[in-house]
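Data first, discussion second: the structure below is written as structure tokens.
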Amino acid sequence: MYYIAGLTIQIPPQAVEGLAVFTTLRFIQYSVSRARAIAAVAKVESGAIRTRPTTFIGRIVTPIHLVTSSISSMTYVLCIRRQHQETKVALENRGMRIDLCTSQRREKPRVVQTGPYAVVRHPLYTQMLMQQALAAVMFWSYAPLVGFGIIAGALSIKIPIEEDLILSDPAIATEYRAYMQKVPARVIPFLW
Numbered sequence: 538m539y540y541i542a543g544l545t546i547q548i549p550p551q552a553v554e555g556l557a558v559f560t561t562l563r564f565i566q567y568s569v570s571r572a573r574a575i576a577a578v579a580k581v582e583s584g585a586i587r588t589r590p591t592t593f594i595g596r597i598v599t600p601i602h603l604v605t606s607s608i609s610s611m612t613y614v615l616c617i618r619r620q621h622q623e624t625k626v627a628l629e630n631r632g633m634r635i636d637l638c639t640s641q642r643r644e645k646p647r648v649v650q651t652g653p654y655a656v657v658r659h660p661l662y663t664q665m666l667m668q669q670a671l672a673a674v675m676f677w678s679y680a681p682l683v684g685f686g687i688i689a690g691a692l693s694i695k696i697p698i699e700e701d702l703i704l705s706d707p708a709i710a711t712e713y714r715a716y717m718q719k720v721p722a723r724v725i726p727f728l729w
């Protein structure tokens, strides 16, 4: 028996689990399709990608944090969870960042300083860390906290690489230095 939108409804547990798995898979598919659409718009507005990280660490850190950020969703889809959670409804809205080459520069770059970028320099990374922390509560499991630690470690390597690429671009370096002075927090306000 489930309590949904103020109603007590008799639904077989398999139907609820099926719905949760379907919506998680559908959101992953939607995220990938949106990322492709956004990449096309970014290419038109900002030009083609012209610089990528050259070091091994620079090239491998993005796939590591991407895989780690999807662990919570994938473990749910693959039904690897505690026994007492099988009757709970956990529909997860994962705003995964599906971009395998984030440490890159475009031909016509610009610095965004409004919205969440006025608080932290990397708000999507903030959101990713918050998701992992909240997934630990939602799934009542320590596994997302392990992912949180791995992602935080990957970001501590990745963010300086990205910022060095930005600062090495003469077209945007001065504006980004001023932005770094204006917004000192990279991911977490007043902490990091």
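As numbered in this note's numbering, residues 538 to 729 make up the sequence shown, in order. We put the beta carbon where it would ideally sit given N, CA and C, even for glycine. Computed from a predicted model, the values in this text were never measured in an experiment.
| query | Is Thr588 helix, strand or coil by DSSP? | reply | If DSSP states are grouped into helix, strand and coil, Thr588 belongs with the strands.
| task | Using three-state DSSP, classify Ile687 as helix, strand or coil. | result | Looking at Ile687 - three-state DSSP - the assignment turns out to be helix.
| Would you say the segment 552-559 touches the segment 586-604, given that touching needs at least three Cβ pairs under 8 Å? | They do not touch, by the three-pair rule.
| Cβ pair Arg658, Ile709 closer than 9 Å | Cβ distance not < 9 Å, so Arg658 and Ile709 don't count as in contact.
| query | If you run the structure through DSSP and keep just helix, strand and coil, what is Met545? | reply | According to the sequence provided, residue 545 is Thr. The question's Met does not apply to it. Of the three classes helix, strand and coil, the one that applies to Thr545 here is strand, per DSSP.
| Euclidean distance between Cα positions of Tyr567 and Arg573 | Cα to Cα, the separation comes out at about 10 Å.
| task | Pick out whichever of Gly652, Met717, Lys719 and Gly684 has its Cα sitting closest to the Cα of Val604. | result | Of the listed residues, the one whose Cα sits closest to Val604 is Gly684.
| said: Under 8 Å, with one C-beta from each stretch per pair, do the segment 576-594 and the segment 693-703 reach the 3-pair mark? | reply: The way I'd put it, the segment 576-594 does touch the segment 693-703; three or more beta-carbon pairs between them come closer than 8 Å.
| DSSP on Arg573, reduced to helix/strand/coil? | Residue state, collapsed to three classes: helix.
| Buried/exposed call for Ser640, threshold 16 Cβ in 10 Å | Unreliable positioning characterises Ser640 in this predicted model, as indicated by a pLDDT of 44, which lies under 50. The coordinate reading is nonetheless provided below. Buried, because 16 or more other Cβ atoms sit within 10 Å of the Cβ of Ser640.
| query | Short check: CB of Pro590 to CB of Leu702, under 9 Å? | reply | Yes, the pair counts as a contact, with Cβ atoms nearer than the cut-off.
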